[in-house]
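Reviewing the structure listed below.
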Amino acid sequence: MKKFLAEIDVMPKKEILDPQGKAVTGSMKNLGLSEIQNVRIGKHISLEIEADSAETANAKVDQACKNLLANLIMESYSFKLEEVA
């Protein structure tokens, strides 16, 4: 068995209102950082997985994202997978 590290980003879909992001965007203006706009707030998940191959690990992480880690109605996800020693 090999060990892999998955770094997963879950973000609200572009067409979904992001109240946290909107609040942070407004605060940027108050801090004199009006150049920063359209902030979107999501979550970052890091996990380790043991699998026979990168393909198997990739499929398992994808399944975890679809079934638990992301709400596919409102969120999209992406991840990177790397083998660790």
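The letter at position 62 of the sequence shown is residue 70 when you use our numbering, and the numbering goes up by one with no holes.
Ideal Cβ placement from N, Cα and C applies to all residues, glycine included.
The shortest CA-to-CA distance from E23 to any of L80, G34, A67 and E90 is the one to L80. Looking from the CA of V18, the closest CA among S35, S42, S54 and V32 belongs to S54. Within the DSSP secondary-structure output, V18 pairs in a beta bridge with K51 and Y85.
Taken through DSSP and simplified to helix, strand or coil, E43 comes out as coil. For L80, the secondary structure class from DSSP, reduced to helix, strand or coil, is coil.
With respect to the 8 Å criterion, E63 and L13 are not classified as neighbours on the basis of their beta carbons.
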